[in-house]
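In my numbering, the protein residues as written are 2 to 359. Beta carbons are placed, not taken as given, at the ideal position from N, Cα and C, and that holds for glycine. Bear in mind that the values here come from a model prediction, so they are computed numbers and not experimental data.
As structure tokens, then:
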């Protein structure tokens, strides 16, 4: 075997560590039992401790035991993605997946790794399974969520994936270069009502500048203060800038609120002054509008008289006070209406003031 061609290849978070014969059933069970591959078609460099350690027949028993002790605990094959005909094995620190090459070829990085692994063979063997070992930063959960998306059936429409599943998909699509999948995950995440700080966090990780401005505006204008957890995500510089903008916005709203309160109080004051004694003698003044109900005009004494006509009909001759009674009633109704308007305005002022204090 060409030693140079069997060296692990690293590309952006993953590398090919070799191939195994897929037609010989590997001894990897789904219950975390120790796997054993009969044939491994690669050599291990001495400084790589993440690769699968294999007992070489010509080693002594002592050497074999020493190598076995250094072998890390192998990850289990995920039961949902353990396809017997899957010709690619994806290894993470906590999960293993047997999947199909045609799905992974849509990821530019995975496709390049698979093609690199085939170079030693003029005609790739149909029974071989390529092993792609991801680095420690790539989580098995992210790979699992991404596989759920790319293996999902869209016959009845796009399934409703959770935000965590789509975030994992966006992470793997960005890391291993699958532009269409990245665009799909972004479009679905944009439809979700995520908190502003989460959108900022995703924008930082996946370079989404169009998400930043609306999210920052929301943080600057919302009533709740910035929490400690949010401040840690923002960092010192952005936290200080948001705090400055929030203080400026509060000052602007305070000035606007004060102007509104002054206008409301002025209107209420003008209404109240129309109810008080005194005022100008011009049109609409208290003296002209409420002559009798204001108490400034003394009511005449009642001199009502009743007599009987020749025909025997009783006739009431109302006095002056009863002649003006309808006018007094009309004025009273106007007073009650204006009182209700005044109370309503005062209630609005108090409510607005309480809201600003909260």
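Just verifying my parser: in three-state terms, what is the DSSP assignment at residue 349? helix
My output table needs one value for residue 318: the three-state DSSP class, helix, strand or coil. strand
Would you list, in sequence order, the uninterrupted beta strand (DSSP E) runs of no fewer than 3 residues that lie entirely inside the stretch 170 to 214? none
Identify whether residue 79 lies in helix, strand or coil by the three-state DSSP scheme. strand
Spatial neighbours of residue 111 in its chain, beta-carbon cut-off 6 Å, leaving aside the 5 residues before and after: 105 and 177
Is residue 187 near residue 234, with beta carbons less than 8 Å apart? no
Just reading off the alpha helix (DSSP H) that residue 115 is part of, what are its end residues? 109 to 119
Would you call the stretch 154 to 173 and the stretch 200 to 209 in contact, with 3 or more CB pairs under 8 Å? yes
Under 8 Å between C-beta atoms, does residue 347 make it to chain C? Structure shown: chain C not included; a single protein chain is present.
Specify, as a first and last residue, the run of the beta strand (DSSP E) that residue 134 falls within. 129 to 135
Under 6 Å Cβ to Cβ from residue 151, same chain only, skipping five residues before and after it: list those, please. 104
Residue 311 in three-state terms, based on DSSP: coil
First and last residue of the uninterrupted alpha helix (DSSP H) at residue 391: What is shown of the chain runs 2 to 359, which leaves residue 391 out entirely.
Among 226, 230, 238 and 116, nearest to residue 248 - alpha-carbon criterion: 226
Environment of residue 340 [buried if 16+ CB atoms lie within 10 Å]: exposed
Over what stretch of residues does the alpha helix (DSSP H) that includes residue 150 continue unbroken? 141 to 152
Exposed unless 16 or more other CB atoms sit within 10 angstroms - verdict on residue 134: buried
Which residues DSSP lists as bridging residue 306, in chain order: 318
For residue 332 and residue 314, I'd like the C-alpha separation in whole angstroms. 34 Å
List the DSSP bridge partners of residue 229. DSSP, once it has assigned bridges, lists no residue as partnering residue 229.
Note down, in chain order, each residue of its chain lying with its Cβ closer than 8 Å to the Cβ of residue 165, except the 5 sequence neighbours on either side. 146
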